[in-house]
Amino acid sequence: MEAKPALLPEQEAAPAPAHTGGTGRDLRGYLAFLATHYPDQLRRVTRPVDPRFELAGVLAQLERRGRPPVVVFEHVRGSQIPVVSNVHATFARLALALGLPAGASVRAFTQEYARRESHPLPPVVVDDPPVQEVVLTGDAVDLGMLPLPTYHERDGGAYITVGFAVMRDPDSGVRNAGIYRLMRQGRNTLGVQLSETGHGHYIWRKYERRGAPTPVAVFIGHHPAVHLGCMSFAPLEVDELAVAGAMLGEPLRLARCRTVPLEVPADAEIVLEGEILPHVRAPEAPFGEYPGTYGPQRLNPVVQIHAITMRRQPLFQESFVGHADHLLLGGAPRLSTILKTVQVACPTVRQVYVPPAGCCRFICYIAMEKLVEGDPKNAAMAAFAADPYLKFVVVVDEDVDILNDSDVLHAIATRVRAERDTFVVTYARGSPLDPASYDPRGGSHIVTKVGVDATRKADYPEEIRVPGAEGIDPEAYLVPVHRQGAEPEA
Ligand code: MN
């Protein structure tokens, strides 16, 4: 059992399952794990912070200094509830969440994620769920009690950025969980952006076609392994909550909702139960989005909240869109799907990566052992098939370090003849937030894609090397330079 850190509420964290290496089974358990074993990765902010811009400003400046810690803002103006930020902001913390060492490679993370993803664990429903210690319904529902941040100058309002919406497919009965941005519009209403690429969009459309409201429950604040599982690119017929259990290493504990026919994680911090109203639209956004530009205002669906349930002393979790916390949470789970799909096309693919420089969305690097000419382009085509957000796929030889942008650029600079080694696909589906789409103001998801074969070709000249350089210790050759007149040391 981990020691209880001072910054957390009085409740004990849930007992830690062994599978995640003692990192707990909920958000507070994971924070307790960090406080005990990696205290330098956790910081508290005790002075009052304004949720409008100031909280985002602190996070932005922290990130500029590199290695952003988890931050607990204990006193956010206008709310009694602390805000937890940056849980997913480093690969080391994501690796720890899966029970891997903090220094695990991206490749090891991807393999472990893929292994767990292919063995979903069905969740179990429990009684007396922690997330229903407090149940607010009727007039007691007031979204104003939650410390929702406003991030950017022209944002249309305060947002829930890492709320997982749980819905059920009305035909198959399969549950779905995914992040959809939610803007606070009123005391009990939220605007929601259900991107055309998300399963939630298909489910909501099915209900609305029948003129029916879509039951939805949004859970906020959980163990990062649960979040990673819910971000899986699982097909529509797979319940992300079962994938979340696989990531956590034990069946996810669920609670029956009080006002909608859905189940939500019992160990979440906060749950919002409600319905997406049929044929109702309201302005939502602008919202500063991950490419560094505003997503345009749209007439989007409205969620009416019937109940807020939560722990007695809940934590609110946010994820600063476009920054490491948000980019890695969305980026790390796609590596598994890209790798598995590309390996079907080309078995000699070694590793894939979506660099932060490409928002962990638009650019993919593939390292492969090229045994057959032409394979790199097939690998690139497979990557495009795996992940619709990708716009640039660069394939390099296996000795190139694809975690290093400079090494990939060097391969492009020296091994690519554009008319031979690139291909362009116009009018393809991409991200509706792509600022270079065919109609960015309208939120078009139609984009152009480029594949690049940056492997060495058959006629590539011999590469230079210095014989014996690896065995030389340069320090053994160097002698210090002394100022004139100074006594040389013995
Ligand atoms: Mn799904």
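Here the numbering used here is used: position 397 in the sequence shown is 382, and no number is missing along the way. Cβ coordinates follow ideal geometry from the N, Cα and C atoms, glycine included. Fair warning: this is a prediction, and the values are worked out from it, not measured in the lab.
Checklist entry - Are Glu59 and Pro53 touching if we call contact CB-CB under 9 Å? => result Their beta carbons are not under 9 Å apart, which means Glu59 does not touch Pro53 by this criterion.
Item to check | As assigned by DSSP and simplified to three states, the class of Val491 | outcome: Nothing in the structure corresponds to residue 491, since the chain is present only between -14 and 475.
Checklist entry - Which class does Gln65 belong to by DSSP, given the choice of helix, strand or coil? => result Here Gln65 sits in coil by DSSP.
Item to check | Reduced DSSP category for Leu133 - H, G, I as helix; E, B as strand; rest coil | outcome: Looking at Leu133 - three-state DSSP - the assignment turns out to be coil, as it is neither helix nor strand.
Checklist entry - Mapping DSSP to helix, strand and coil, what is Asp390? => result Helix at Asp390.
Checklist entry - Start and end of the alpha helix (DSSP H) containing Leu81? => result Start and end: Phe76 to Ala82.
Checklist entry - When you compare only the Cα positions, how much space is there between Met353 and Ser321? => result Met353 and Ser321: Cα-Cα distance of roughly 16 Å.
Checklist entry - Per DSSP, what kind of secondary structure is Lys362 in: helix, strand or coil? => result It is helical.
Item to check | Cross-strand partners of Gly259 (DSSP beta bridge) | outcome: Residue pairing by DSSP places Gly259 opposite Val201 and Ile290 in a beta bridge.
Checklist entry - Can you name the residues that DSSP bridges to Phe301? => result Answer is Val68.
Item to check | Rounded separation between Arg92 and Arg101 - CA only | outcome: Cα atoms of Arg92 and Arg101: separation of roughly 14 Å, rounded to the nearest angstrom.
Item to check | Exposure label - Pro465; buried when at least 16 CB within 10 Å | outcome: Burial call: exposed.
Checklist entry - Pro24: buried (16+ other C-beta within 10 angstroms of its C-beta) or exposed? => result Per the 10 Å Cβ criterion, exposed.
Item to check | Neighbour-count burial assignment, Ala1, 16 or more Cβ in a 10 Å radius | outcome: The predicted model places Ala1 with a pLDDT of 44, which falls under 50 and marks its position as unreliable, so this point remains unresolved.
Next on the checklist: Is any non-hydrogen atom of ligand 1 found closer than 8 Å to the C-beta of His184, if you look at the structure I gave you?
Outcome noted: At least one heavy atom of ligand 1 is nearer than 8 Å to the Cβ of His184, so yes.
Item to check | Rounded C-alpha distance that separates Glu(-5) from Ala17 | outcome: Because Glu(-5) sits at a pLDDT of 37, beneath the cut-off of 50, its placement in the model cannot be relied upon, and the following sentence gives the value as read from the coordinates. Their Cα atoms are separated by approximately 12 Å.
Checklist entry - If you run the structure through DSSP and keep just helix, strand and coil, what is Gly158? => result Gly158: coil per DSSP, three-state reduction.
Item to check | Euclidean distance between Cα positions of Glu460 and His212 | outcome: The straight-line gap separating the alpha-carbon atoms of Glu460 and His212 is approximately 47 Å.
Next on the checklist: Going by C-alpha to C-alpha distance, which of His430, Glu181, Lys362 and Glu448 sits closest to Phe347?
Outcome noted: Relative to Phe347, the option among His430, Glu181, Lys362 and Glu448 whose CA is nearest is His430.
Checklist entry - Is any heavy atom of ligand 1 found at a distance shorter than 8 Å from the C-beta of Glu102? => result No, since every heavy atom of ligand 1 falls outside the 8 Å radius drawn around the Cβ of Glu102.
Checklist entry - When every heavy atom of ligand 1 is checked, does at least one fall within less than 8 Å of the C-beta of Asn71? => result Set against 8 Å, the gap from the CB of Asn71 to the closest heavy atom of ligand 1 is not smaller.
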